[in-house]
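Take the sequence shown: its letters are residues 297 to 713, numbered as in our numbering. Glycine included, each C-beta is placed from N, C-alpha and C at the ideal position. Predicted model only: the values in this text are computed from it and were never measured.
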Amino acid sequence: MGSSAPARRERLLSDPDVFRYVAARIVSLTGSAVTFIAMPVLIYGITASATWTSLVIVAEAVPYLLFGLWAGALADHADRRRMMVGADLLAAIALATVPIAFWLDSLTAAHVLVAAFVVRTIYVFFDAANQGALPTLVGRERLPAANALVAGGSTVAETVVPMIAGALIVIISPASIIAIDVLTFVASALLIRGIVRPLTGARTAESTLRLSAVAEGTRFILRHEIIRVMIIIGVLVAFSAGSLMAILVVWADRTLGVQEGDWRLGMLFGAWGIGAVAGSILMPRLMRAFGGARSALIVLPFAAAAGVTVALAETWLTGALSIAGWSLMYLVIATISVTLRQQVTPERLMSRVMTAGRMATFGVGYPLGAVAAGALAGAFDTDEAVLVCQLSLVLAAVIAWLSPLRSAPKRLDVAEG
């Protein structure tokens, strides 16, 4: 008889290095949850503009498009632990300029956007190393449980933090709240530095970084039909996510009557976390029962329905419930896609393939969704903008059911590099 999911998670956390890794990710993502709320509220408070608010998402997504392939190639040739620690410390310095400028009464919307861009650029390099580090640390067999553990732990924090942050914004400036994220970057760096086992697997003699190495991850993706389809789907799902996140504060204000400083804004963000927690519990069970490809086929139609439901919400309560359902489906699809790529990719290409996938989703789908939502919200009602953008999930479901995912085996083996 197989062991239960809680037992598997407990065994993972009994490993000191895995515990440090998970703690680092949860601490860092807790800080990111604070900034996730504070940044758009800060920009909207300065400008009162849906377009400016949507630019926060664009500024945080474009770095994947610009630097993703280079970061992945570097992470496949460099020491991943040093790369992650250095990135955390640099991000702390860059983000600290926002609260400092506010305290000096010199903060502008442009400063916030530049800081968001710089911090996200640094994170692209952190993420490239991180995506390759986890499979090396836990092994491929434990990847579904490990990814679900990280996602579940972080979203537990993300369930509580938005509600606290939403309450704090009533009495403290969003710029000051961002200082919390600065401290979590430093804490993450210290935890990762304490990991004893290598985060970089055995590599062949091809360890010098060449220009041709940058494109290898992309070529691997183009050859592997399952991963290729999952990335196309990922771009469409990311479009949906980017559009919703870009105008969530505006949508809450104009459609639901939840204004900046209202405690219900924190509840809306908290609903996102609650749905994600449920998704992190559901995802490994689906993968064990059906495999990653078939699980995606099952979940995508429900994700499409959830996206339409968000657009139809008229009160903050129905909005919160629909966001919870949407985020559940989003977490499951996103984690399945990441896990599948990690399971089939050779170690020597791991960071390049993972970062190429992230570049497609967060460098293309996410910012395009944000730009589309900002433009539509400026020209039409925000609920209409949400509805149009969420139709990308319907297209994702159709593509999935017409793709090789239907005939994919339950278990996918490591492919040739």
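Check                                                                                                                : Outcome
Contact belief for residue 473 with residue 461 at Cβ below 8 Å, rounded distance in angstroms                       : 6 Å
Minimum length 4: unbroken alpha helix (DSSP H) runs contained in the segment 439-484                                : 439-467 and 470-473
Contact between the segment 513-531 and the segment 327-335 (3+ Cβ pairs under 8 Å)                                  : no
Cβ contact check for the segment 591-609 and the segment 628-641: 3 or more pairs under 8 Å                          : yes
Residue of 621, 608 and 671 minimising C-alpha distance to residue 599                                               : 621
Pairwise C-alpha distance: residue 361 and residue 695                                                               : 23 Å
Residue 389 to residue 660 span [Cα, whole Å]                                                                        : 27 Å
Whole-Å CB distance - residue 326 paired with residue 420, under 8 Å assumed                                         : Not really, about 20 Å apart at Cβ, beyond 8 Å.
Run of the alpha helix (DSSP H) containing residue 521, from where it starts to where it stops                       : 521-542
contact_flag[the segment 439-448, the segment 575-590] where n(CB pairs < 8 Å) is 3 or more                          : yes
Meets three-Cβ-pair contact criterion under 8 Å: the segment 524-537 and the segment 646-662                         : yes
Collapsed DSSP secondary structure at residue 493 in the structure displayed                                         : coil
Cβ shell of residue 532 (< 8 Å), same chain only, five flanking positions each side left out                         : 661, 688, 689, 691, 692 and 695
Straight-line Cα distance separating residue 523 from residue 697                                                    : 15 Å
Residue 394 to residue 614 span [Cα, whole Å]                                                                        : 34 Å
Whole-angstrom C-beta distance between residue 651 and residue 368, which should lie under 8 Å                       : 3 Å
Separation of residue 383 from residue 513, as counted between CA atoms                                              : 22 Å
Helix, strand or coil at residue 361 according to DSSP, with G and I counted as helix                                : helix
Distance between residue 596 and residue 534 (C-alpha atoms, nearest Å)                                              : 13 Å
Three-state class that DSSP yields for residue 500 in the structure shown                                            : Only weak support exists for where residue 500 lies, its pLDDT of 47 falling under 50; the value from the coordinates is given anyway. Residue state, collapsed to three classes: coil.
Distance, residue 445 Cα to residue 309 Cα                                                                           : 9 Å
Delimiting residues of the alpha helix (DSSP H) encompassing residue 565                                             : 559-586
Other residues of its chain near residue 578: CB distance less than 8 Å, five sequence neighbours each side excluded : 624 and 628
Three CB pairs or more closer than 8 Å across the segment 556-574 and the segment 678-685                            : no
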